[in-house]
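If you're matching them up, the sequences are chains S and G in order. For the first sequence, the numbering used here begins at 43 and goes up steadily by one. For the second sequence, the numbering used here begins at 22 and goes up steadily by one. Note sheet for the following structure.
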Amino acid sequence: MKRAHFIYLLLLWCIPMMGIAQIVPENPSSGALQSVQNLQVSDVPNDAGDEINISWDFPDDLDKSQITEIRIYRSTSASGPFRQIDAFPLVLDSYTDADDDETGHIVTPKDTYYYKIGLFNGSEEVTSQVSEGVSPQISFFNWGRLNVFIILGIYFALILYFIRASRKGREIYIRTLPGLEALEESVGRATEMGKPVLYMPGIDEANNIQTLYSMVILRYVTQLVAEYETPLIVTVGKAFVVPLAEETVRQGYMDAGRPDLYNQDIVRYYSDEQFAAAAGVSGVILREKPATNIYLGSFYAESLILAETGFLTGSIQIAGTGNIHQLPFFVVACDYTLIGEEFYAASAYLSEDPKLLGPLKAADWMKILAVGFIGVGAVLETFGIDLFPRLLQI
Amino acid sequence: MARRSIPTAIAFFFGAMMVVNYFVPWGWFSDRANQVQEWGLIVVAFAYILGALNVMRVHGHKIQRKEEDWRFSIVTIITMVVMLSFGLMPEHWAIGGMERGSPFLWMFDNMYVPMMATMYSLLAFFIASAAFRAFKVRSLEATLLAVTAVIVMIGAVPLGGILLPGSMELRTWIMETLQNVGKRGIMIGVALGAISTSLKIILGIERPYGRD
Numbered sequence: 043m044k045r046a047h048f049i050y051l052l053l054l055w056c057i058p059m060m061g062i063a064q065i066v067p068e069n070p071s072s073g074a075l076q077s078v079q080n081l082q083v084s085d086v087p088n089d090a091g092d093e094i095n096i097s098w099d100f101p102d103d104l105d106k107s108q109i110t111e112i113r114i115y116r117s118t119s120a121s122g123p124f125r126q127i128d129a130f131p132l133v134l135d136s137y138t139d140a141d142d143d144e145t146g147h148i149v150t151p152k153d154t155y156y157y158k159i160g161l162f163n164g165s166e167e168v169t170s171q172v173s174e175g176v177s178p179q180i181s182f183f184n185w186g187r188l189n190v191f192i193i194l195g196i197y198f199a200l201i202l203y204f205i206r207a208s209r210k211g212r213e214i215y216i217r218t219l220p221g222l223e224a225l226e227e228s229v230g231r232a233t234e235m236g237k238p239v240l241y242m243p244g245i246d247e248a249n250n251i252q253t254l255y256s257m258v259i260l261r262y263v264t265q266l267v268a269e270y271e272t273p274l275i276v277t278v279g280k281a282f283v284v285p286l287a288e289e290t291v292r293q294g295y296m297d298a299g300r301p302d303l304y305n306q307d308i309v310r311y312y313s314d315e316q317f318a319a320a321a322g323v324s325g326v327i328l329r330e331k332p333a334t335n336i337y338l339g340s341f342y343a344e345s346l347i348l349a350e351t352g353f354l355t356g357s358i359q360i361a362g363t364g365n366i367h368q369l370p371f372f373v374v375a376c377d378y379t380l381i382g383e384e385f386y387a388a389s390a391y392l393s394e395d396p397k398l399l400g401p402l403k404a405a406d407w408m409k410i411l412a413v414g415f416i417g418v419g420a421v422l423e424t425f426g427i428d429l430f431p432r433l434l435q436i
Numbered sequence: 022m023a024r025r026s027i028p029t030a031i032a033f034f035f036g037a038m039m040v041v042n043y044f045v046p047w048g049w050f051s052d053r054a055n056q057v058q059e060w061g062l063i064v065v066a067f068a069y070i071l072g073a074l075n076v077m078r079v080h081g082h083k084i085q086r087k088e089e090d091w092r093f094s095i096v097t098i099i100t101m102v103v104m105l106s107f108g109l110m111p112e113h114w115a116i117g118g119m120e121r122g123s124p125f126l127w128m129f130d131n132m133y134v135p136m137m138a139t140m141y142s143l144l145a146f147f148i149a150s151a152a153f154r155a156f157k158v159r160s161l162e163a164t165l166l167a168v169t170a171v172i173v174m175i176g177a178v179p180l181g182g183i184l185l186p187g188s189m190e191l192r193t194w195i196m197e198t199l200q201n202v203g204k205r206g207i208m209i210g211v212a213l214g215a216i217s218t219s220l221k222i223i224l225g226i227e228r229p230y231g232r233d
């Protein structure tokens, strides 16, 4: 009886135990918050000695969904005290500690830094062991940009070589650029019609190389209109370009020996706002009906508004820009368009100065080099060799 | 001599400084380079005064000489003065500042913004008229252009796949392969042109600044 009673009690005890065994996880540690492992710190290469990379691994059996915040602690001593420098709710496995002038957060080569990572689940926090110390190093050359440096070096050397060769009398051939050939003809037409020539150097700031280069071409155009005594209107869409354009136009008239033709109303500033400037220039085109409109510089969405307005008034239109997204609009609406690099060839083409012809030849050689790179790179990639992407990566 | 060499030397120094800054991450040097760029911003701010003076001068002369459409110049000057005055008024004045409810912001939101939107929306009509001319089939090249444009346009609309089966895939191929090839070719040329022009300006071979 006693034995049967014992077996009965044992069975009764086993039933709930079997249930408990089912709900208890296989690994009792996975429910608990654990610290990160394999904490690594390293100096970020090729920088000003103001960044440190920190990376870590999460334990395989850690339930990441319970982490509500990761906290980064830093100290200049392995024994502390550690100060929290950042916290974020994302479960990331790396962080860059960077110098930040705005927040006053300092990372300097003078100090050695130690880090700890804290995992917080809303109620408790577990911190890792202290990392090894790391001192950021100042790089005096960004080795990651060595490829750019070499390519630029080759290009600069080619430019200087061809300038020298051109000065020594070497013939440099430039193909005919109809847009630039038409420049004199269009100014002549304006003279015959007794109407002005309108020149717009784009709507970008003077720090854009296209705007600066447009000033070089404007000087040639000014010399041309001065010779023909044709009125000139220069419309400007950036306040900072006003003094540049005024000086360029004044110099152009002086070069042509006609400083008397210069007046202060030639350069007209409209607005720094894109469409306000477009409206102003369109108004000039419609009211004063220039015989020739020259748009050379950096243009955006206003390009078609201007070119179509000029087309409606029957002007001869010459355009050129390095902004490739605007080229189709100019090609459609203008009589002549300088496409991309042709725009940068204008001064060399117009002046035939050996100093300016040399860089054109150098650019041709660089294009041959680029085509060679593309060809060889395509073949290597086809065979699964990713040498070029690695070499050219910045 | 000095009139030519001093601007060239300044252009060379600061131009070369910016090129070197790209390759040298050293904090001291990049701080100096950033400082130079800040100087540029200060100079730009002063240029707005020159811009405003230019507007006043050009339109003032037009009114003075009673040139054609001189009345528009009066409107230009009045609107500029009004906007400038309200914009420069201190915020603690009832009609000053640029905050919500200020006359400046009211004029900006209710006059300037709609006018800009109008100008931008005109672009649609200009595109239509330009496209009409561009797609006239007059030669083999123009025919190729027109056919390609039709495929791209049909492939871009949701009904395209039904109207012309395969047009969507063809459009993607035209845009990503044919178009990109041409575009990148032009981009390489533009980049080389920009680099050589920069070098010419830095070395004083090409001088958009100063006098000869």
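C-beta: ideal position from N, C-alpha, C; glycine also.
Distance, residue j Cα to residue i Cα
i: S/Tyr215; j: G/Ile31; result: 33 Å
i: S/Ala74; j: S/Ile114; result: 20 Å
i: S/Ile94; j: S/Thr118; result: 13 Å
i: S/Ile366; j: G/Trp194; result: 20 Å
i: S/Ile196; j: S/Gly294; result: 35 Å
i: S/Glu442; j: G/Val45; result: Given a span of 43 to 436 for chain S in the structure shown, any question on residue 442 of chain S remains unanswerable.
i: S/Leu222; j: S/Asp141; result: 51 Å
i: S/Gly419; j: S/Ala412; result: 10 Å
i: G/Ala215; j: S/Tyr262; result: 19 Å
i: G/Val79; j: G/Gln85; result: 10 Å
i: S/Asp85; j: S/Arg116; result: 15 Å
i: G/Trp60; j: S/Val258; result: 24 Å
i: S/Leu104; j: S/Leu81; result: 16 Å
Best match in the options for proximity to residue i [C-alpha to C-alpha]
i: S/Phe130; options: S/Thr118, S/Leu104, S/Val149, S/Ile159; result: S/Ile159
i: S/Leu328; options: S/Glu350, S/Leu338, S/Thr363; result: S/Glu350
i: S/Phe124; options: S/Thr150, S/Tyr156, S/Asp139; result: S/Tyr156
i: S/Leu266; options: S/Thr424, S/Val239, S/Leu338, S/Gln359; result: S/Val239
i: G/Val65; options: S/Ile410, S/Gly400, S/Asp153, S/Pro285; result: S/Pro285
i: G/Ile98; options: G/Val76, G/Gln56, G/Ile27; result: G/Val76
i: S/Gln435; options: S/Trp185, S/Ser389, S/Ala268; result: S/Trp185
i: S/Leu254; options: S/Thr363, S/Gly426, S/Val172; result: S/Thr363
i: S/Pro151; options: G/Arg24, G/Met38, G/Ser217, G/Trp49; result: G/Trp49
i: S/Phe183; options: G/Gly187, G/Leu109, G/Met189, G/Val40; result: G/Val40
i: S/Asp128; options: S/Pro101, S/Ile96, S/Val421, S/Leu392; result: S/Ile96
Residue i burial status per 10 Å Cβ neighbour count (16 or more: buried)
i: S/Ser357; result: buried
i: G/Pro229; result: buried
i: S/Asn250; result: buried
i: G/Glu227; result: buried
i: S/Asp99; result: exposed
i: G/Ile172; result: buried
i: S/Ile109; result: buried
i: S/Glu384; result: buried
i: S/Ala281; result: buried
i: S/Pro178; result: buried
i: S/Leu200; result: buried
i: S/Pro243; result: buried
Simplified DSSP state of residue i, which is helix, strand or coil
i: S/Val86; result: coil
i: S/Asn141; result: This sequence places Asp at residue 141 of chain S; Asn is not what is there. If DSSP states are grouped into helix, strand and coil, S/Asp141 belongs with coil.
i: S/Glu330; result: helix
i: G/Lys83; result: helix
i: S/Thr355; result: coil
i: S/Leu134; result: coil
i: S/Arg116; result: strand
i: G/Ile27; result: helix
i: S/Ser97; result: strand
i: S/Trp185; result: helix
i: S/Thr218; result: coil
i: S/Thr169; result: strand
i: G/Ile209; result: helix
Interface partners of residue i on chain S, CB under 7 Å
i: G/Val168; result: Going along chain S, no residue has its Cβ under 7 Å from G/Val168, so there is no contact; the nearest lies around 16 Å.
i: G/Leu71; result: Ala281, Val284, Pro285
i: G/Met208; result: Ile366
Contacts of residue i in chain S (Cβ-Cβ under 8 Å)
i: G/Gly214; result: Gly364, Gly382, Glu383, Phe385, Tyr386, Ala387, Ala405
Under 9 Å from the C-beta of residue i: neighbouring residues of chain S
i: G/Val103; result: Under the 9 Å cutoff, chain S gives no residues; its nearest Cβ is about 15 Å from G/Val103.
8 Å Cβ cut-off: residues of chain G touching residue i
i: S/Met408; result: Leu213
i: S/Gly91; result: Gly48
i: S/Leu346; result: Leu144, Phe147, Ile148, Ala151
Within chain G, the residues that residue i reaches when beta carbons sit closer than 7 Å
i: S/Val374; result: Ala151, Arg154, Ala155
Residues that residue i contacts on chain G, provided the C-beta gap is smaller than 9 Å
i: S/Glu315; result: Tyr133, Met137
i: S/Ser181; result: Val45, Pro46, Trp47
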